[in-house]
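Notes for the one structure printed next.
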Amino acid sequence: MVVECQGLSKHFGRTVALNNLTFSIKKNAITGLVGANGAGKTTLLKILAGYLRKTAGEVRVFGERPFNSLKVAANTIFIDDNLALPATLSIAEILEAGRLFYPGWDHGLARRLFDYFSFNPRQLHKNLSKGKRSTFNMILGLSARSVLTIFDEPTVGMDAAVRKDFYRALLQDYLQHPRTIIISSHLLKEIEDILEEILLLREGQKRLQLSASALREYALGLRGEEALVKRFIAGREVYRREHFGKNSLFVVLRNSFSAAERHKARAAGLEIMAVSAEDLCVYLTSKGGRGIDDVFNRN
Amino acid sequence: MMSLTEISLGTVVKKQYIFKLRSYANLYVSLVITQLIALLFTIGGMVIENRGIGWNNIFLEVKFYSSLGIFIFTVFWILIYSFILPFPSYRYPDFSFVTNRVSSNMANMGFLITAAIAGGVTVTLGSLLVRNIIYYIGGNEGILSSNFWVSGGDLFTSMAVGSLYLLLLGTIGYFLGILVQLHRSLYLILPAFILGLLIYAIYAARTNPGLVSQPILFFVQEEAPVLFILKIIGSVLLLWLGATILSNRVELR
């Protein structure tokens, strides 16, 4: 295991950002950290990178506490939107700094990506546009070839073409040099295809951790006449409930029906449908299974 | 498959130090500019003392030029730079690469030592430049010959003493810089505290002069070179240790 957390909590004053989080992340896999805004994704990643101190519980990266650990620092790179770099260095000089620090740094890759995205070597990092800055940070993150590579919302500001290139580059490089990669995003759909594992956070707590393929099978949707649906789902946990018209109900719930039950449901006139991983994540991470519709339907 | 790299503290500090020298090379540009401005003040009339004596048709004018101005400007330069060194825009980039808080503090110290030596050497050379400029402006009768030539040993002593003082003051600046990082309110409290201290010092200078002069004399009056060096290095180490301990639990961003 590369990352292990046991009852990890982090408070900022009276705000609880992480609440009793227990999970582990296995070696050489791409794990997606998914959750709504404010779910604690960035806080968790900053703790793993040694930026922030835990409030309670245990956190281990490569078997060590990450805060002030040189071993963790040398084998980890943390890339996010606010990556702090010296204002005086050109972006080509920043790549040189990367070469200086990271033992596994691949300068050839850095140069090739640099040329592919047509960067001007003499430009200053702070003068790059938002999308260009994200692209440059991505080059830094990939070229470092760190055993643990953390991307926090890496595609902020990138256009569609660059996003595609980014995920493609990440996957290519990962296949050639397998390592532990954690990507956080609130857009699961974008990263779904390259993920092996998904860790879902809600309000600082772990909601779910499972493989990407298992997530796609995890839930199903049922639609039909309200009374019928209600009878069918009695006693089961419902992730989402949406009303259509007067009498029709759509629910999303755990896929734990037997083949016989499915058959029975279809025979009764209920529609059974798959739920995309992205939609499911939205349902699983929303507060109390409520949707925006509930704001407008006050009765 | 990638293997974990074990890295020693020394290696990290060395890399951080190189990184800082590259990143903050503009520090030396500012040093040169600062000293040039000081030089202009010195030549252009910052005559420390101007005495004229005249009797029996002979008029004697004595002017004392001093390179003290260059030193004072350099002191401000190192105080300002060392104070802002722990600020986020200088500290966070360390952590974007490889460091922990101890190695970051050690590399900063190395950077400060380099800056102090650069300052001490240039201040000494600057004082030679003052003599030369005055010689070329005023001619040789303007300068007493007995003190015009400075021996190599004196030059070295001057550089070393200048560097040590700059290092001490730089470390004080650094310590204060770390201090204000601990809590936002200290940005307000610290200047008020220093101002209060100054006012108190002026008041105390009249009633209890020893209280003010003692800490300064502790360094200035030391005549044994070894003891002087030990006093400065000891104080620098204490301040650095304090700064490291204070900043060792500070979080980032």
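The listed protein sequences derive, respectively, from chains A and B.
Mapping to our numbering: the first sequence position 274 is 313, numbers consecutive.
Mapping to our numbering: the second sequence position 48 is 457, numbers consecutive.
For glycine and all other residues, C-beta sits at the position ideal for the given N, C-alpha and C.
Sequence-distant Cβ neighbours of M312/A in its own chain, meaning closer than 6 angstroms and more than five residues away, are G260. Secondary structure at A199/A: helix, using DSSP grouped into helix, strand and coil.
Using beta-carbon distances, P160/A does not count as an interface residue toward chain B, since no partner is under 8 angstroms. Taking a Cβ-Cβ cut-off of 7 angstroms, I603/B has no neighbours in chain A, whose nearest Cβ is about 28 angstroms from it. DSSP links G263/A through a beta bridge to L288/A.
Not a single CB atom of chain B sits nearer than 8 angstroms to the CB of P193/A. Per the C-alpha coordinates, the member of L646/B, I608/B, I603/B, N509/B positioned closest to I416/B is N509/B. Note that the C-beta distance between L288/A and E310/A is not below 8 angstroms. G180/A is the residue among V41/A, A200/A, T127/A, G180/A whose C-alpha sits nearest the C-alpha of L148/A. For N509/B, the C-beta contacts it makes with chain A under 9 angstroms involve G89, F106, N107, S108, L109, V111, A112, in order along the chain. A distance below 6 angstroms between beta-carbons, with the five flanking residues on each side excluded, links A306/A to no residue of its chain. For L591/B, no Cβ of chain A is located within less than 8 angstroms of the residue's own Cβ. Under the three-state reduction of DSSP output, D145/A falls in the coil class, being neither helix nor strand. Going by DSSP, F117/A is part of the beta strand (DSSP E) stretching over 115-118.
Taking a beta-carbon distance threshold of 8 angstroms, F496/B does not count as an interface residue toward chain A.
Residues L292 of the same chain have their beta carbon placed closer than 6 angstroms to that of R275/A, with the five preceding and five following residues left out of the count.
Contact of E132/A with chain B by beta-carbon distance below 9 angstroms involves R431, S432. Cβ-Cβ distances below 6 angstroms link V277/A to V290, L292 in the same chain, with the five nearest sequence neighbours on each side left out; the list follows chain order. Apart from sequence neighbours up to five positions away, the residues of its chain that approach I272/A with a beta-carbon distance below 8 angstroms are L261, V290, L292, ordered along the chain. DSSP places Y278/A outside any alpha helix (DSSP H); the residue lies instead in the beta strand (DSSP E), whose first and last residues are 277-283. Taking a cut-off of 8 angstroms for Cβ pairs, the stretch 161-178 of chain A and the stretch 127-134 of chain A touch, as three or more such pairs fall below it. Within 10 angstroms of the beta-carbon of Y545/B lie fewer than 16 other beta-carbons, which makes it exposed.
Between G89/A and F101/A, the C-beta gap is not smaller than 8 angstroms, which leaves the two residues out of contact. Within chain B, no C-beta atom comes nearer than 7 angstroms to that of H146/A; the closest sits roughly 15 angstroms away.
With contacts defined by Cβ atoms closer than 8 angstroms, R279/A and Y322/A form a contacting pair. Annotation: the continuous beta strand (DSSP E) that includes I64/A extends over 54-64. For E43/A, the secondary structure class from DSSP, reduced to helix, strand or coil, is strand. At a C-beta separation below 7 angstroms, S505/B has these neighbours in chain A: L122, A123, L124. Between T115/A and L210/A a beta carbon distance of about 20 angstroms is seen, past the 8 angstroms cut, so the two are scored as non-contacting.
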